[in-house]
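Per this note's numbering, residue 48 is the first one in the sequence shown, and the count goes up by one each step. Even for Gly, the Cβ is constructed at its ideal location relative to N, Cα and C. Since the structure comes first, as structure tokens, the remarks are kept for the end.
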Amino acid sequence: MHTSWTNNLQEFLNWTVDTIREDKLLSPWLEEKKFEWAPLVSKNITNILDKSYSILIITDKEREWFLNYILSNINSSKLNRPFLPFYDFSSFYKNLDQIKSEDDISNIKDMLKISFPNGYCFWYIGKSQDNRSTLAKITKSSFLWIFDEERQGSINLKSNDDGLDMKLLQMFRLYNKTISAALFANINVES
Numbered sequence: 048m049h050t051s052w053t054n055n056l057q058e059f060l061n062w063t064v065d066t067i068r069e070d071k072l073l074s075p076w077l078e079e080k081k082f083e084w085a086p087l088v089s090k091n092i093t094n095i096l097d098k099s100y101s102i103l104i105i106t107d108k109e110r111e112w113f114l115n116y117i118l119s120n121i122n123s124s125k126l127n128r129p130f131l132p133f134y135d136f137s138s139f140y141k142n143l144d145q146i147k148s149e150d151d152i153s154n155i156k157d158m159l160k161i162s163f164p165n166g167y168c169f170w171y172i173g174k175s176q177d178n179r180s181t182l183a184k185i186t187k188s189s190f191l192w193i194f195d196e197e198r199q200g201s202i203n204l205k206s207n208d209d210g211l212d213m214k215l216l217q218m219f220r221l222y223n224k225t226i227s228a229a230l231f232a233n234i235n236v237e238s
């Protein structure tokens with residue numbers, strides 16, 4: 048089983064590197080993140096396609112534009128693929144900035160278990176110290192694009208990077224291409 052996982056991950060790494068090199072809109076910096084990127088994206092896409100998880104997106108305030116960009120593009124009819132379950136978490140719970148207690152978190156998780164019986168995971172994009180990150184950081188299956196913290200099991204970026212917005216757009220482009228490739232069996236992302 049471990050050999051199969053290693054082979055699949057290596058294939059996925061190779062596909063990722065080839066895609067980055069072939070797509071003129073993706074920059075080489077992404078190739079440097081391939082060992083961070085591949086296992087996290089693999090797990091996330093497996094959760095969506097094999098486990099039927101829904102993805103609940105949360106961003107810090109500065110990245111709300113990016114949340115709108117994701118939601119406007121992830122299920123674009125131009126992609127010629129089935130629509131996938133990506134949602135703005137704030138449409139389920141408006142008081143993200145007021146999550147303060149264990150009870151708040153427990154009540155939210157109970158609501159989500161009822162709403163998403165197949166499971167869910169958070170996709171958080173933003174500063175690590177932002178209050179909005181709390182729920183995603185304590186949920187095991189979260190897909191984290193974290194700023195200003197070196198956190199294992201996440202994509203780590205710097206909020207003061209002049210090219211941050213462009214990097215986010217490039218990462219989303221690669222992620223979206225990966226979803227399509229996995230959906231149409233061009234790659235195997237299963238671990």
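What are the start and end residues of the alpha helix (DSSP H) that includes residue i?
i      : result
Tyr222 : Leu211 to Leu230
Ser153 : Glu149 to Ser162
Leu114 : Glu111 to Asn120
Asn91  : Lys81 to Leu96
List the DSSP bridge partners of residue i.
i      : result
Lys174 : Phe194
Ile104 : Asp135 and Trp170
Leu182 : In the DSSP output, where bridge partners are listed per residue, Leu182 has none listed.
In whole angstroms, what is the alpha-carbon distance linking residue i and residue j?
i      : j      : result
Ser101 : Phe133 : 6 Å
Phe214 : Gly200 : Residue 214 is actually Lys in this sequence, not Phe. Cα to Cα, the separation comes out at about 19 Å.
His49  : Val64  : Low confidence applies to His49: its pLDDT is 40, below 50, so where it sits in the model is not reliable enough to give any reading.
Thr181 : Lys147 : 9 Å
Leu77  : Leu211 : 12 Å
Ser188 : Phe163 : 14 Å
Ile67  : Leu131 : 23 Å
Gly173 : Ala232 : 31 Å
Ile234 : Thr186 : 27 Å
Phe136 : Met158 : 12 Å
Phe82  : Trp112 : 28 Å
Gln145 : Leu103 : 18 Å
Arg179 : Gln57  : 34 Å
Lys90  : Val236 : 8 Å
Ala183 : Ile152 : 10 Å
Asp150 : Asp70  : 46 Å
Taking the Cβ atom as the reference point for each residue, do residue i and residue j lie within a distance shorter than 8 Å?
i      : j      : result
Tyr171 : Ile105 : yes
Asn223 : Ile121 : yes
Asn165 : Ser99  : yes
Leu204 : Phe219 : no
Ile202 : Leu96  : no
Ser227 : Arg110 : no
Thr225 : Ile117 : no
Asp107 : Asp208 : no
Taking residue i as part of the beta strand (DSSP E), name the residues at either end of that continuous run.
i      : result
Phe133 : Phe133 to Asp135
Ile202 : Ile202 to Leu204
State buried or exposed for residue i, treating a residue as buried only when at least 16 other CB atoms are found within 10 Å of its CB.
i      : result
Phe190 : buried
Asn94  : buried
Ile161 : exposed
Leu143 : buried
Leu72  : exposed
Would you say the beta carbon of residue i comes nearer than 7 Å to a heavy atom of the ligand HEM?
i      : result
Lys141 : In the structure shown, the ligand HEM is absent, as is every other ligand, since no ligand is present at all.
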